[in-house]
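Numbers in our numbering are just positions in the sequence shown, counted from 1, shifted up by 10. The beta-carbon is built from N, C-alpha and C at its ideal position, and this holds for glycine as well. One structure is given here, and the rest of the page talks about it.
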Amino acid sequence: MRAANLVTPQLTTLQHDFASALINLNSLDPALASFKGDPDLNRERFGLYRGNLIAIWQQTCVNAYPVLQQLVGAEFFGDLARAYGLNHASQSGNLAEFGAALSSFIATLENCRAYPYLSDVAALEWQVHRSYYLEQRSPATLAQLAGFAPELLGDLQFTLQPSCVLLESPWAVVDIWQAHQGTNTPFPEQLASATYCLIWREHHQTNISAISAASYAALQALNAGQPLGQAFESALAIDPEFALPTELADWFGKQLFSNISHN
Numbered sequence: 011m012r013a014a015n016l017v018t019p020q021l022t023t024l025q026h027d028f029a030s031a032l033i034n035l036n037s038l039d040p041a042l043a044s045f046k047g048d049p050d051l052n053r054e055r056f057g058l059y060r061g062n063l064i065a066i067w068q069q070t071c072v073n074a075y076p077v078l079q080q081l082v083g084a085e086f087f088g089d090l091a092r093a094y095g096l097n098h099a100s101q102s103g104n105l106a107e108f109g110a111a112l113s114s115f116i117a118t119l120e121n122c123r124a125y126p127y128l129s130d131v132a133a134l135e136w137q138v139h140r141s142y143y144l145e146q147r148s149p150a151t152l153a154q155l156a157g158f159a160p161e162l163l164g165d166l167q168f169t170l171q172p173s174c175v176l177l178e179s180p181w182a183v184v185d186i187w188q189a190h191q192g193t194n195t196p197f198p199e200q201l202a203s204a205t206y207c208l209i210w211r212e213h214h215q216t217n218i219s220a221i222s223a224a225s226y227a228a229l230q231a232l233n234a235g236q237p238l239g240q241a242f243e244s245a246l247a248i249d250p251e252f253a254l255p256t257e258l259a260d261w262f263g264k265q266l267f268s269n270i271s272h273n
């Protein structure tokens, strides 16, 4: 026996009108027409519902972008989160995914153009937020690496952890981020400073570090599926003194890789 189909055209229309009214004040009347009772009371109740939705947007963005909130102030940030929610309807029932496009949204705002680094700070914070929820696999170890014959090392492929993220910016985003972690780190004097950022998770803790351009190039190459030898060449093209053994020890210490393979 099949269950009755509870989704009717009338219900679909009601849901559409209700959702539209939440983000568009001009769409309120069609939604209110579907409710029984005092229209003024229904309007007041709907206002409370909309207020709760906006509060959820704001708190969700605060959770993902605490440094950005400190940079612009709580009042401006609240308005920013509200404007973002009105222009970027949530595409998922998972609140942890709300706010993914805030960086690109900030880049379109006239009142943020005097502070062009804000968009990239938001991009960094979103990747930190995202890394926390991404899969963390069992790490590959130096002992596993030592199990390969030396003549094979240049052909080895390294798989980065899903929670490992690489990000570059023309702004000092890592220094800005670190200046807002309560550690008395000073705000950077030079904001226009190219930064290569590594975000990784270790022991349930998300970490951020500025790395060299050469190290970034090598990790980018590995992440693109290139073997270690080619990644090393990419790094040497930037820094002829790039020390691969030292970098490998650091990468394995951070548990950046989930697999080593030879094809």
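Extent of the continuous beta strand (DSSP E) to which residue i belongs
i: Asn194; result: Per DSSP, Asn194 belongs to no beta strand (DSSP E) and is neither H nor E.
i: Ser274; result: No information on residue 274 is available, as it lies outside the stretch 11 to 273 that the chain covers here.
Start and end residues, alpha helix (DSSP H) containing residue i
i: Ser60; result: Per the sequence presented here, residue 60 reads as Arg, with Ser not at that position. Counting along the chain, the alpha helix (DSSP H) containing Arg60 begins and ends at 49-74.
i: Ser244; result: 238-248
i: Ala99; result: From DSSP, Ala99 is part of no alpha helix (DSSP H); its letter is neither H nor E.
i: Ala41; result: 38-42
Where residue i falls: helix, strand or coil (DSSP)
i: Leu166; result: strand
i: Arg140; result: helix
i: Glu212; result: strand
i: Phe262; result: helix
i: Thr18; result: coil
i: Leu90; result: helix
i: Asn233; result: helix
i: Glu251; result: coil
i: Leu24; result: helix
i: Leu35; result: helix
i: Leu81; result: helix
DSSP bridge partner residues for residue i (one or two, in chain order)
i: Glu178; result: Tyr206
i: Asn269; result: Thr169
Are at least three pairs of beta-carbons, each pair with one atom in the segment 197-215 and one in the segment 130-148, less than 8 Å apart?
Put simply, the segment 197-215 touches the segment 130-148. At least three CB pairs are less than 8 Å apart.
Pair every Cβ in the segment 160-173 with every Cβ in the segment 252-272, then say whether three or more of these pairs are closer than 8 Å.
Judged by Cβ distances under 8 Å, the segment 160-173 makes contact with the segment 252-272, as three or more pairs qualify.
What residue ranges within the segment 103-159 form continuous alpha helix (DSSP H) runs of no fewer than 4 residues, ordered along the chain?
Counting whole runs of 4 or more residues, the segment 103-159 contains the alpha helix (DSSP H) stretches 112-116, 127-143, 152-156.
Three CB pairs or more closer than 8 Å across the segment 175-190 and the segment 214-231
Yes, since at least three Cβ pairs between the segment 175-190 and the segment 214-231 fall closer than 8 Å, the two stretches touch.
Are the segment 121-131 and the segment 95-111 in contact at 8 Å, needing three or more beta carbon pairs?
Touching, no, given that fewer than three Cβ pairs across the two stretches are closer than 8 Å.
Are the segment 114-121 and the segment 196-204 touching by the rule of at least three beta carbon pairs closer than 8 Å?
The answer is no - the segment 196-204 does not touch the segment 114-121, with fewer than three Cβ pairs under 8 Å.
The segment 25-38 touching the segment 47-62, judged by at least three CB pairs closer than 8 Å
The segment 25-38, when compared against the segment 47-62, does touch it at the 8 Å Cβ threshold.
Can at least three beta-carbon pairs, one atom from the segment 153-168 and one from the segment 84-98, be found at a separation below 8 Å?
The segment 84-98 and the segment 153-168 do not touch, with fewer than three beta-carbon pairs separated by less than 8 Å.
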